[in-house]
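Take a look at the structure set out below.
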């Protein structure tokens, strides 16, 4: 077997993760695959095209293996084990591959949760309701994951933490970071507060139209951050027929612009206005 295609096994991180280096170039890779760590025990190398390898992640100057190993060495092996079980659950339930970063981020997050609980530090999540409504499938998985963690480590993790874990699960299959999601959630919360203050009543957080508004706002913010653009054929019509709602949408767009230092297109403003119209109709009808 040619050395060009061999990776030296430097460390078995868990049942599904191993740390390797190329036999010739010494470039370092983290390999992911169901049962890969278990079947690699006792082996000195693995072929780069081994069918058991699902993902290969190259460590570079920004994240050298020394940092990765330091991270892993500071995490309880049982936390790594439970994290892998949760990741397997995510892959099975969502039916999509996960980002390599989750194998680093999730155990690190769970370890910190355990530390906070054991040191009686409060866990508070102001975006719990919105997170539950925005990511119902991920929230359900996170609830099951918390049950697994509670049972394994004899803990009582509060519901607020389920919301944070939901964000990690959502980013398992997305390129967006948890930090960016939290930033977006904060912005959405600010927008909702503004709407409630201006309208003089609390919105029904469980209504379908509220969920649609939040879902669109989140999508709009993420599109704006990524520089994407959409076309809205109804912008001129809603600006003419419902000018008051459109102007309200402009005010929300200004909040987004100020927070992110970006320009919100008229097409996005038009869509925001449409969702505001639906929301206000149901809110006023049920009051």
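Residue numbers (my numbering): 8 to 294.
Note that beta-carbon positions come from the ideal geometry of N, C-alpha and C, so glycine has one too.
Nothing here was measured: the structure is a model prediction, and the numbers come from that model.
**Asked** For residue 167 versus residue 140, is the C-beta spacing smaller than 8 Å?
**Response** Using a Cβ distance threshold of 8 Å, residue 167 and residue 140 do not count as a contacting pair.
**Asked** Taking the DSSP output, what are the residues bridged to residue 37?
**Response** According to DSSP, residue 37 bridges with 26 and 64.
**Item:** Top-ranked residue by Cα proximity to residue 175, from 33, 235, 191 and 145
**Value:** Nearest option by C-alpha distance: 145.
**Prompt:** Exposed or buried, what is residue 50 when buried is set at 16 or more other beta-carbons lying within 10 Å of its beta-carbon?
**Reply:** The residue is exposed, with fewer than 16 neighbouring Cβ atoms inside 10 Å.
**Cβ-based neighbour list, residue 255, same chain, cut-off 7 Å, excluding 5 preceding and 5 following** = Cβ within range, chain order: 283.
**Message:** Run through the DSSP bridge pairs and tell me what residue 172 is partnered with.
**Reply:** The secondary-structure analysis by DSSP pairs residue 172 with nothing; it has no beta-bridge partner.
**Item:** For residue 142, the nearest candidate out of 41, 52, 53 and 218 (CA to CA)
**Value:** Among 41, 52, 53 and 218, the Cα nearest to that of residue 142 belongs to 218.
**Request:** Would you decide whether residue 56 is buried or exposed? Buried here means 16 or more other CB atoms lie within 10 Å of its CB.
**Result:** Residue 56 counts as exposed, since fewer than 16 other C-beta atoms from the protein chains shown sit within 10 angstroms of its C-beta.
**Prompt:** Comparing alpha-carbon positions, which option in 154, 263, 109 and 171 lies nearest residue 133?
**Reply:** Comparing Cα positions, the closest option is 171.
**Message:** Counting beta carbon pairs with one atom in the stretch 200-208 and one in the stretch 242-254, are three or more of them shorter than 8 Å?
**Reply:** Pairwise C-beta distances place the stretch 242-254 out of contact with the stretch 200-208, as fewer than three of them are shorter than 8 Å.
**Request:** State the DSSP-derived secondary structure class of residue 69, mapped to helix, strand or coil.
**Result:** Residue confidence for residue 69 is low, a pLDDT of 47 falling below 50, so the modelled location carries little weight and cannot support an answer.
**Message:** If I follow the unbroken alpha helix (DSSP H) through residue 192, where does it start and stop?
**Reply:** Element bounds for residue 192: 185-206.
**Request:** Pick helix, strand or coil for residue 98, following the three-state DSSP scheme.
**Result:** The three-state secondary structure of residue 98, taken from DSSP, is helix.
**Prompt:** So what's residue 268 in DSSP terms, helix, strand or just coil?
**Reply:** DSSP, reduced to helix, strand and coil, places residue 268 outside both helices and strands of the structure shown, so it counts as coil.
**Prompt:** Going along the chain, which residues of its own chain have a beta-carbon closer than 6 Å to the beta-carbon of residue 192, five neighbours each way excluded?
**Reply:** Once the five neighbours on either side are set aside, the close Cβ partners of residue 192 are 134.
**Item:** First through last residue of the alpha helix (DSSP H) which encompasses residue 148
**Value:** For residue 148, the enclosing alpha helix (DSSP H) starts and ends at 143-160.
**Message:** Taking contact to mean 3 or more Cβ pairs, one atom from each stretch, closer than 8 Å, check whether the stretch 103-114 and the stretch 83-93 are in contact.
**Reply:** Enough Cβ pairs lie closer than 8 Å, so yes.
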